[in-house]
Amino acid sequence: METALAHDAHVTHHREGFIRHYVFSLDHKMIGKQYYFVTLFMAMVGGALAMLMRAHLGWPDRGILDPETYLQAATMHGTVMIFFFLTSILTGAFGNFLIPLMIGAPDMAFPVLNMMSFWTFVPSVLVLLASFFVPGGPAGNGWTSYAPLSAVPQASPASGLGQTLWLVAILILMISALFGSLNFLTTIINMRARGLSMGRLPLTIWGIFITAILALLSFPVLMAALTMLLMDRVAGTSFFVPANLLIGGTLVHHSGGEPLLWQHLFWFFGHPEVYILILTPMGIVSDVISTFSRKPIFGYKAMILSLAAIGFLSFLVWGHHMFVSGMNPILGATFTISTMIIAIPSAIKTFNWLTTLWQGRTRFTTALLFAVAFVSLFVTGGLSGIFLAASPVDLYFHDTYFVVAHFHFVMAAAALFAIFAGTYYWFPKMFGRMMNERLGKIHFVLTFLGIYGTFFPMHFLGTNGMSRRLYTPNFYPFLSQVQPLDVFISICAFGLGAAQLIFIYNFFATILRGPKAERNPWEANTLEWTADSPPPHGNWPEPPVVHRWPYDYSVPGAAEDYIPQTVPASPAYAGGHGGGGGES
Amino acid sequence: MPTELIEKLKPVVGGPGRPGGGGRSDDNGARSGGGPTPASMATMGMAFALAAIAMLFVAFTTTYLGHHQDETWATLPLPGVLWVDTAVLLASSAALEWGRRQARRGHAVAFRRGITAAWGLGLVFLAGQLVAWRQFVHLGIYLSSNPHSSFFYLLTGAHGVHLLVGLVALGMILPRAWATFPPFRSTAVEVTTLYWHFLTGLWLYLFVMLFWL
Amino acid sequence: MQPQSGVRDERRAGFWAGILFLFILVAGVVSFIVARYHWWLQPLASVQGRVIDEYFYAILVATAIGFVAPHIFLAVALMRYTARGKERAAHWHEHLGAELTWTLVPGAAFIFLGILGVFTWSRLYSAPPANAQVVEVTGRQFFWYIRYPGPDGKLARTDPTLVSQSNPLGLDPNDPATKTNLVVTNELHLVVDRPVEVRIRSIDVIHSFFLPNFRVKQDAVPGRTVDIWFTPDKPGSYQIACAQLCGVGHYTMRGNVTVQSQDAFDQWLQQQAAH
């Protein structure tokens with residue numbers, strides 16, 4: 000009642016036009032939703048490209064695609080999925096929507112900057128999509144865009160204007176992302192509600208927080224690399240192009256560049272980037288599992304320390320992408336060690352998730368199913384990573400489908416599942432309605448099976464020695480037996496793609512006419528569940544005050560099996576505690 | 000726009016929006032002491048932005064050092080105008096800093112002078128950069144001539160672009176400075192000054208690196 | 000779920016969830032067994048490859064445990080601990096002993112594997128023996144130049160400034176060895192049981208010299224020469240694959256490797272030189 004009145008008063012106060020409310024919104028929730036819709040669209044673009052690739056790869060002799068188009072599809076699939084889907088949905092959509100709500104703030108520290116961040120994101124999307132329509136088509140040199148292939152337009156028809164636009168689009172995206180990161184960090188540090196120390200933050204926010212630090216420090220390095228590559232392409236410089244190259248039969252006029260420098264810069268960004276893509280999902284999974292097990296997350300402090308350790312170590316492992324690059328072999332040894340070490344905090348987190356489930360009282364919602372499946376997918380993906388970390392073994396597996404299997408499991412599977420878990424979980428808060436659980440479960444089962452069916456066999460394409468980015472394996476007799484495996488993968492991929500239509504339908508149909516959601520449909524503890532579904536402008540009429548950590552589930556002696564963070568401590572709640580050193 | 004920014008921050012930050020006081024769950028939440036202000040948050044945001052810009056130039060530096068061993072590396076002549084330019088930028092930082100402090104003490108006239116001088120000197124600095132570029136071109140030293148020259152144009156260009164952004168920001172503060180002091184909110188000035196000093200320091204670093212390393 | 004009005008009983012859901020994870024476990028193991036017979040590591044043909052394969056199998060054992068155990072645990076946890084009526088979950092959430100155990104044990108395992116890797120790696124990158132055959136492989140869109148020394152065993156000097164359309168390898172005409180060096184395309188002949196030092200170059204973009212059967216891979220980077228060495232120990236015919244995207248024809252960049260006796264090799268070289 001109170002909130003509705005306050006909301007009405009607020010609305011009459013602030014008669015925003017359509018443009019201000021829906022287009023140039025300063026409200027973090029609207030911006031978060033704007034990001035969600037655009038990234039969802041980009042996911043569909045990336046998914047369509049994947050379907051195209053698999054349609055070809057299952058039956059390469061049919062020639063559905065020609066070699067150049069295939070490489071362009073592969074390049075844009077990777078680019079769209081990594082930059083414009085995963086990175087942008089985790090930070091732009093979930094980060095924006097959740098941070099103020101989970102820390103008890105009315106909005107971000109810099110709402111105008113937030114709006115600018117989204118409206119910088121949109122041009123980057125448009126530039127990238129434009130590259131599909133220019134002469135020569137989009138870039139086709141892999142999402143990793145190694146020089147000199149990508150630096151010298153004569154080196155490939157896929158190194159034309161599309162490649163230049165690719166560089167420009169990502170440069171713009173990086174600026175948008177940096178605006179976001181500094182906003183997130185400033186907000187989380189300064190605008191937490193009274194009583195909400197860093198040691199009482201939900202792990203979702205910890206994940207986003209450390210992600211933002213990683214982004215701040217690694218994205219500018221990519222921007223430096225992109226700028227220099229751009230200049231090599233259009234301004235005749237030779238940052239990455241050596242002298243005296245004979246490309247396409249003609250001598251190229253460059254002087255003394257070094258291709259390995261591109262790789263060092265790219266991967267110095269690239270490795271933190273992939274941890275950027277997994278840290279927030281780890282946080283989301285922790286919160287979702289805890290909520291639906293009705294049990295505190297096991298080892299909260301260790302979880303935070305692990306997130307921080309992974310974040311820190313992520314800057315020290317980039318060379319494991321370059322074991323065969325020609326860099327000094329001594330570096331190969333050091334990067335093997337550092338990469339093995341970064342596996343340790345990941346293992347800790349896995350054990351903690353498993354332990355959280357033990358002796359819980361699990362409620363099998365769609366969100367929970369996706370979160371638990373994340374653990375399976377992350378385990379599988381992490382294990383294949385061990386082979387790749389071991390440099391002598393990487394000699395065989397580098398640039399084969401073994402790598403493709405590995406990164407799809409950790410990114411396209413695990414991170415994606417956390418995004419699904421987060422979507423099903425926070426949908427009521429975002430849109431004020433409940434997604435259909437039956438459809439959700441069907442979506443889950445089909446997607447889980449489809450993911451394993453599509454990507455697990457790729458490990459075996461790798462053990463068989465099949466290189467990445469091959470238009471067809473048919474030129475190599477040693478690969479003559481892979482065809483049936485490729486067909487199996489493609490069929491599973493089609494099923495996986497089709498299953499996503501169930502989600503799309505559920506998502507949009509619910510927005511239009513789904514059942515209304517209560518304020519706290521999941522009986523969860525974190526602050527966003529004390530606001531309306533959806534929350535009004537400013538989120539709460541009065542800022543909430545926090546008295547406990549987020550994981551007081553099944554506290555012995557308590558009346559309910561959950562105690563929201565805003566409930567004051569009292570002798571009746573014997574088990575409630577701060578859950579961690581309270582430093583602000 | 001800076002004032003609008005502050006106006007927008009007010010409903011967001013105003014009220015008992017203090018950071019969590021931490022501690023045990025039995026606390027009743029009452030905490031004393033200063034919470035974050037729009038100015039302190041803006042300063043923190045700017046500090047994060049500067050960290051990012053620093054990483055950009057760290058990346059450029061490592062690539063620069065990576066190319067240092069090239070056979071085609073050539074020494075660059077040092078155009079005299081760049082000494083002048085350095086002095087100009089230092090002067091503009093000094094002027095801005097002085098103006099900022101005067102603003103805090105409420106000295107309107109001094110503040111206006113300082114910030115206007117800083118802006119003008121910044122403009123002169125950029126002009127000086129262009130003069131240096133033109134001198135190089137006259138000497139036949141282009142962007143693609145050799146790795147050293149490539150870095151010269153790239154680094155001075157990247158620095159110049161960032162300074163231009165600062166110039167735009169200062170330029171938006173100028174009309175306000177001349178119109179409404181006192182009372183004049185200084186958050187924009189604080190933050191822009193921090194940015195400006197960073198760019199001055201960055202210039203000194205690049206100047207040394209390009210010509211003495 | 001909505002705040003309960005009825006009695007919650009999730010046992011069926013838990014059961015099927017557990018079955019799902021068990022299915023994944025079984026499918027993973029079965030597919031692995033099938034793959035072992037159809038899509039496994041290429042037949043081994045080098046001395047170095049043996050240590051790599053042993054290391055691979057050590058990791059495989061560890062990862063097999065790492066795959067099976069969590070999935071069994073998940074299945075059991077999901078089936079056993081379902082929401083039921085008003086039952087409460089346990090509340091414990093810290094255990095230093097457990098945390099330390101599963102930090103130190105995996106930590107020790109990973110570091111052990113890492114150190115094993117470092118030792119293996121340094122053996123692979125040790126200096127080649129004195130009697131090694133020398134050959135130069137240069138990647139080009141989309142084939143491999145292979146250059147053999149003549150009877151004097153010397154590879155002629157190359158100079159990047161000499162690279163031209165007619166001299167793609169940049170051979171120095173003043174070096175007498177240039178006349179006796181033999182350059183062929185896509186045919187790499189090696190002598191069985193004799194170490195071979197391969198100098199890897201590229202004249203245009205980055206390629207990667209991949210010999211699956213020998214467990215050899217090295218990027219061919221323009222602007223530098225990278226040396227590797229290995230010892231083939233099984234006669235036969237094998238392939239070179241390109242393992243770094245190098246342009247539109249990347250998928251066609253196949254070479255042939257023949258491992259033969261010293262006599263057969265000498266004969267072949269003479270025949271090639273005669274043309």
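Chains as they are written, first to last, in numbering that gives the first Met the number 0: chain A, 0 to 583; chain B, 0 to 212; chain C, 0 to 274.
The beta-carbon is built from N, C-alpha and C at its ideal position, and this holds for glycine as well.
1. Could you name the residues of the same chain whose beta carbon sits closer than 8 angstroms to that of G159(B), not counting the 5 residues immediately before and after it, in chain order?
2. Any beta carbon of chain A sitting closer than 8 angstroms to that of P78(B)?
3. Is the separation between the beta-carbon of I102(A) and that of L181(A) shorter than 8 angstroms?
4. Taking the alpha carbon of A366(A) as the point to measure from, which residue in R437(A), T335(A), I347(A) has its own alpha carbon closest?
5. Count the other C-beta atoms from every protein chain shown that fall within 10 angstroms of the C-beta of F507(A), then say buried if there are 16 or more, exposed otherwise.
6. When burial is assigned at 16 or more other CB atoms within 10 Å of the CB, is S155(A) buried or exposed?
7. Tell me, please, which residues DSSP counts as bridged to R200(C).
8. With 8 angstroms set as the bound, which would you pick, yes or no: does the beta-carbon of V316(A) sit closer than that to a beta-carbon of chain B?
9. Just to confirm, is the Cβ distance from L142(B) to G248(A) under 8 angstroms?
10. Between the stretch 302–322 of chain A and the stretch 259–269 of chain A, are three or more C-beta pairs nearer than 8 angstroms?
11. Is the Cβ of E9(C) closer than 8 angstroms to any Cβ of chain A?
12. Report the option in M410(A), W357(A), L97(A), M80(A) whose CA atom is closest to the CA atom of V378(A).
13. Could you have a look at D8(C) and say whether DSSP puts it in helix, strand or coil?
14. Compute the Euclidean distance between the alpha carbons of S236(C) and T257(C), then round it to the nearest angstrom.
15. Would you call I32(C) buried or exposed, if buried means 16 or more other Cβ atoms sit within 10 Å of its Cβ?
16. Leaving out the 5 sequence neighbours to the left and right, which residues in its chain are closer than 6 angstroms to F110(B) when beta-carbon positions are compared?
17. Kindly indicate which residue of G222(C), D265(C), A219(C) has the alpha-carbon position closest to the one of Q132(C).
18. What is the rounded straight-line gap between the Cα of F291(A) and the Cα of F47(B)?
19. Is the CB of F197(B) under 8 angstroms away from at least one CB in chain A?
20. Closer than 8 angstroms, CB to CB, is M222(A) near chain D or not?
21. Rounded to a whole number of angstroms, what is the C-alpha to C-alpha distance between R23(B) and V111(A)?
22. By the 10 Å Cβ neighbour count, where 16 or more other Cβ atoms means buried, how is R53(A) classified, buried or exposed?
23. Using a Cβ-Cβ cut-off of 8 angstroms, state whether V409(A) counts as contacting chain C.
24. Taking 8 angstroms as the CB-CB limit, is E135(C) close to chain A?
25. Identify the contact partners of M43(B) in chain A, using a Cβ-Cβ distance below 9 angstroms as the criterion.
26. Just to check, is the beta-carbon of A154(A) closer than 7 angstroms to a non-hydrogen atom of the ligand SAM?
27. Determine, for P156(A), whether the minimum Cβ-Cβ distance to residues of chain C falls below 8 angstroms.
28. Under 8 angstroms Cβ-Cβ, which residues of chain C neighbour P258(A)?
29. In the DSSP assignment, what are the bridge partners of T399(A)?
30. Would you report the Cα separation of A29(B) and M190(A), rounded to the nearest angstrom?
31. Of all the CB atoms in chain C, is at least one closer than 8 angstroms to the CB of E527(A)?
32. State the start and end residues of the unbroken beta strand (DSSP E) segment that holds H188(C).
33. Please say whether D151(C) and G169(C) have beta carbons closer to each other than 8 angstroms?
34. Output, in chain order, the set of chain A residues within a Cβ distance shorter than 7 angstroms of M54(B).
35. Assuming the contact rule is C-beta atoms closer than 8 angstroms, G179(A) and S116(A) should be a hit. Round their C-beta distance to whole Å, please.
36. Does the Cβ of K348(A) have 16 or more other Cβ atoms within 10 Å, making it buried, or fewer, making it exposed?
Quick answer:
1. The count along the second sequence starts at 1 and reaches residue 159(B) at position 160. In its chain, beyond the 5 residues on either side, L125, Q128 have a beta carbon closer than 8 angstroms to the beta carbon of G159(B).
2. Along the second sequence, read from residue 1 onward, the residue named residue 78(B) stands at position 79. It does not: the Cβ of P78(B) has no partner Cβ on chain A nearer than 8 angstroms.
3. As a first step, residue 102(A) must be located in the first sequence, where it is residue number 103. As a first step, residue 181(A) must be located in the first sequence, where it is residue number 182. Contact: no.
4. Here residue 366(A) refers to the residue found at position 367 when the first sequence is read from its first residue. When each option's Cα is compared against that of A366(A), the closest is R437(A).
5. Here residue 507(A) is taken as the residue at index 508 of the first sequence, counted from 1. F507(A) comes out exposed.
6. By one-based count along the first sequence, residue 155(A) stands at place 156. Buried.
7. Position 201 of the third sequence, counted from the first residue, corresponds to residue 200(C). For R200(C), which the question treats as bridged, DSSP gives the partners T137(C).
8. Residue numbering aside, residue 316(A) sits at position 317 when the first sequence is read from its first letter. Not a single C-beta of chain B is nearer than 8 angstroms to the C-beta of V316(A).
9. Locating residue 142(B) in the second sequence gives position 143, counting from the first residue. Locating residue 248(A) in the first sequence gives position 249, counting from the first residue. Contact flag unset, no.
10. Proximity of the stretch 302–322 of chain A to the stretch 259–269 of chain A meets the contact definition, three or more beta-carbon pairs being nearer than 8 angstroms.
11. Position 10 of the third sequence, counting from 1, holds the residue named residue 9(C). Interface annotation, E9(C): in contact with chain A, CB-CB separation under 8 angstroms.
12. Within the first sequence, numbered from 1, the residue matching residue 378(A) stands at position 379. Of M410(A), W357(A), L97(A), M80(A), the smallest CA-CA separation from V378(A) is found for M410(A).
13. Taking the first residue of the third sequence as position 1, residue 8(C) is located at position 9. In this structure, D8(C) counts as strand in the three-state DSSP scheme.
14. Locating residue 236(C) in the third sequence gives position 237, counting from the first residue. Locating residue 257(C) in the third sequence gives position 258, counting from the first residue. Rounded to whole angstroms, S236(C) to T257(C) spans 5 angstroms at the Cα level.
15. For the purposes of this step, residue 32(C) is identified with residue 33 of the third sequence, where counting begins at 1. So I32(C) counts as exposed.
16. Numbered from 1 along the second sequence, position 111 holds the residue referred to as residue 110(B). Counting only Cβ-Cβ distances below 6 angstroms, and skipping sequence neighbours, we find G98, Q101, A102.
17. Against the third sequence, residue 132(C) aligns to sequence position 133. Among G222(C), D265(C), A219(C), the Cα nearest to that of Q132(C) belongs to D265(C).
18. Within the first sequence, residue 291(A) is the residue found at index 292, counting from 1. Within the second sequence, residue 47(B) is the residue found at index 48, counting from 1. Each residue's Cα considered, the two are about 36 angstroms apart.
19. On the second sequence, position 198 is the one that residue 197(B) refers to. In terms of beta-carbon proximity, F197(B) stays away from the interface with chain A, with every pair separated by 8 angstroms or more.
20. Checking the listed chains, one finds no chain D in this structure; the protein chains it contains are A, B and C.
21. Along the second sequence, read from residue 1 onward, the residue named residue 23(B) stands at position 24. Along the first sequence, read from residue 1 onward, the residue named residue 111(A) stands at position 112. Bear in mind that a pLDDT of 34 at R23(B), under 50, signals an unreliable position, so the number given afterwards is only what the model happens to contain. The alpha-carbon of R23(B) is positioned some 36 angstroms away from that of V111(A).
22. Position 54 of the first sequence, counted from the start, is the residue given in the question as residue 53(A). R53(A) comes out buried.
23. Working through the first sequence from its first residue, we reach residue 409(A) at position 410. No, no contact with chain C.
24. By 1-based counting over the third sequence, the position of residue 135(C) is 136. With 8 angstroms as the cut-off, E135(C) does not count as an interface residue toward chain A.
25. Position 44 of the second sequence holds residue 43(B). Proximity of chain A to M43(B) at the Cβ level (cut-off 9 angstroms) is accounted for by A108, L181, L184, T185, I188, N189, in chain order.
26. Looking for the ligand SAM in the displayed structure turns up nothing, as the structure carries no ligands at all.
27. The residue you call residue 156(A) lines up with position 157 of the first sequence. The Cβ of P156(A) sits closer than 8 angstroms to at least one Cβ of chain C.
28. Position 259 of the first sequence, counted from the first residue, corresponds to residue 258(A). The CB of P258(A) comes closer than 8 angstroms to the CB of I205, V220, P221, G222 in chain C, given here in chain order.
29. Taking the first residue of the first sequence as position 1, residue 399(A) is located at position 400. Looking at the DSSP assignment, T399(A) forms a beta bridge with S466(A).
30. Here residue 29(B) refers to the residue found at position 30 when the second sequence is read from its first residue. Here residue 190(A) refers to the residue found at position 191 when the first sequence is read from its first residue. Note on A29(B): pLDDT 37, under 50, position unreliable in the model; the coordinate value appears next. Linking A29(B) to M190(A) through their CA atoms gives a straight-line distance of about 16 angstroms.
31. Here residue 527(A) refers to the residue found at position 528 of the first sequence. Not a single C-beta of chain C is nearer than 8 angstroms to the C-beta of E527(A).
32. Along the third sequence, one-based indexing puts residue 188(C) at 189. Run containing H188(C): 186–190, per the beta strand (DSSP E) assignment.
33. If you number the third sequence from 1, residue 169(C) lands on position 170. If you number the third sequence from 1, residue 151(C) lands on position 152. Their beta carbons are not under 8 angstroms apart, which means G169(C) does not touch D151(C) by this criterion.
34. Numbered from 1 along the second sequence, position 55 holds the residue referred to as residue 54(B). Those are L216, P219, V220, listed as they occur along chain A.
35. Residue mapping note: residue 179(A) aligns to position 180 of the first sequence, counting from 1. Residue mapping note: residue 116(A) aligns to position 117 of the first sequence, counting from 1. The C-beta distance from G179(A) to S116(A) rounds to 5 angstroms, short enough to meet the 8 angstroms contact threshold.
36. One-based indexing of the first sequence puts residue 348(A) at position 349. The residue in question, K348(A), is buried, as its Cβ has 16 or more Cβ neighbours within 10 Å.
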